[in-house]
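Before any comments, here is the structure.
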Amino acid sequence: MEYQTISKNQATPKSPLQKQVARSVAAPHRVAALQQSVGNRAVQRLLRSPCIQAKLNVSSPGDPYEQEADQVADTVMRMPDPGVAGGVVVSSSSGQTLQRDLATPPPNAPAPAQPDLTDAQIQEAIAFNRARYNEANTRLIQRLLGGPITGVWEEGNIEAIAATQEQYGLPKDGKVGNDTFRFLNNEQRLERMNTRTENCLTSFRVIGPDSAQFDRVSPTECRVRGNFRTESQFSPRCDCSQFQYRQFIRGHLRRTRGGVVADLANRFDTQPGGALPANFTEDGDTSGVPVNYGHRDQPAGTAIEDRYITDQANGCRYRSADGPGGIIVDCQPGDSYDINVNFRGDIERNGTRVQSKFWTAIRRNNWTP
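Sequential numbering from 55 applies to the sequence shown in this note's numbering.
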């Protein structure tokens, strides 16, 4: 496994131009890259240091400012590539990786040490995070906590997360669950990061779908059933009320009897349109409350699912559950069924889709119950 580490490079003489660049921190894009790499606090300390001067003056080689300019030139010239988060090197069971310098103040008393993650725990954390965060959100977390910035979860990212969790007294598991999500939200607030959608951390996962159930329940009735759940979490500093979940459905149900094919889409009669649509249409259940999924302006479901947690209008976490399917009446021996039910789940901000997931809950060809 690979880790991004800080290593000492052999010193090389600096030209006058390099020293001048160092005094001005190399140009605005270098400042931005340095800030992204090592954090706001580190950049602020650098900018407050006497080696950054408002007006350039020629000084002698032995001048203290000249020596500090050499040091800053070393720092700027050896800055990590913008594709890799930088900061403090931390040791782990499998080597060294980078952890960003954060704006969140560390605990007054050092948090108790926690065991390093095993290889199995690292892989578990990778799977956990991958299920919840798309590429854009993965990059956002990587920029905040360190390790390679690739949009793909790697061992170095997990160990950077685990090091931060240990430093701040959070459960050290490398997973960006609720506690670490809230920590990151607060870190962004302290860094005064803007609230554009690309900087609003969002977690979204589909649990399942479970294996669909196909069986005969009586001589003339058959049953088909799927099951899945969703979970979403939004960033409080970005105003959770602006974010909502939406669910869409499409598919077909066809029966072949005696060589004749019949469309049975209308057996999904609790859909808002009265039948299973062929193209993605907003999903719902007209026999229950709420009718649609994720609408903040509809009443919360009576169960823990199908609602925003604690506050329907402003809650920052959402859960839903769905069991598509049901009883097929007039299901005769020798009938053959072709069924396919697909879903799309969207996260929207103020009505604009910001991410989507697709999954199939029920699929079977030539089913002869």
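Note that the Cβ used here is the ideal one computed from N, Cα and C, for glycine as well.
Being a predicted model, the structure only gives us computed values, none of them experimental.
Got a sec? Which residues, its chain only, sit under 7 Å from residue i by beta carbon, not counting five neighbours each side?
i: residue 368; result: 294, 295
i: residue 184; result: 207
i: residue 384; result: 274
i: residue 366; result: 350, 354
i: residue 262; result: 281, 282, 283
i: residue 328; result: 320
i: residue 332; result: 304, 306
i: residue 13; result: Lying before the first or after the last residue shown, residue 13 is absent from the chain, which here runs from 55 to 423.
i: residue 225; result: 219, 233
i: residue 181; result: none
i: residue 404; result: 296
May I ask you to report which of helix, strand or coil DSSP gives residue i?
i: residue 235; result: helix
i: residue 387; result: coil
i: residue 290; result: helix
i: residue 257; result: strand
i: residue 425; result: What is shown of the chain runs 55 to 423, which leaves residue 425 out entirely.
i: residue 212; result: helix
i: residue 192; result: helix
i: residue 333; result: coil
i: residue 156; result: coil
i: residue 352; result: coil
i: residue 218; result: helix
i: residue 346; result: strand
i: residue 182; result: helix
i: residue 204; result: coil
i: residue 407; result: strand
In the DSSP output, what is residue i paired with across the bridge?
i: residue 414; result: 396
i: residue 269; result: 277
i: residue 282; result: 376
i: residue 327; result: Looking at the DSSP assignment, residue 327 forms no beta bridge with any residue, so it has no partner.
i: residue 315; result: 310
i: residue 421; result: 391
i: residue 362; result: 372
i: residue 302; result: 336, 398
i: residue 297; result: 403
In chain order, what residues of the same chain have a beta carbon less than 6 Å from the beta carbon of residue i, not counting five sequence neighbours either side?
i: residue 400; result: 300, 407, 410
i: residue 259; result: 185, 186, 285
i: residue 395; result: 305, 378, 415, 416
i: residue 339; result: 324
i: residue 316; result: 309
i: residue 345; result: 338
i: residue 420; result: 390
i: residue 165; result: 223
i: residue 412; result: 398
Taking 8 Å as the limit between beta carbons, can you name the residues of its chain near residue i, skipping five residues before and five after?
i: residue 205; result: 189, 190, 192, 193, 196
i: residue 160; result: 221, 222
i: residue 242; result: 198, 253, 255, 289, 291
i: residue 380; result: 277, 278, 279, 321, 322
i: residue 167; result: 220
i: residue 456; result: Limits of the chain in this structure are 55 at one end and 423 at the other, which puts residue 456 out of reach.
Taking only beta-carbon positions, decide if residue i is within less than 9 Å of chain C.
i: residue 210; result: Judged by its chain identifiers, the structure shown contains no chain C, having just a single protein chain.
### Task
Could you tell me whether the stretch 300 to 309 touches the stretch 356 to 363, using the rule of 3 or more Cβ pairs below 8 Å?
no
### Message
For the stretch 239 to 252 against the stretch 260 to 270, do three or more pairs of beta-carbon atoms, one drawn from each stretch, fall closer than 8 Å, so that the two count as touching?
### Response
no
### Query
So, do the stretch 372 to 383 and the stretch 277 to 292 have three or more beta carbon pairs nearer to each other than 8 Å?
yes
### Message
Quick test of the definition: if touching needs 3 or more C-beta pairs under 8 Å, does the stretch 172 to 182 touch the stretch 205 to 220?
### Response
yes
### Task
Inspect the CB distances between the stretch 387 to 396 and the stretch 234 to 242 and report whether three or more fall short of 8 Å.
no
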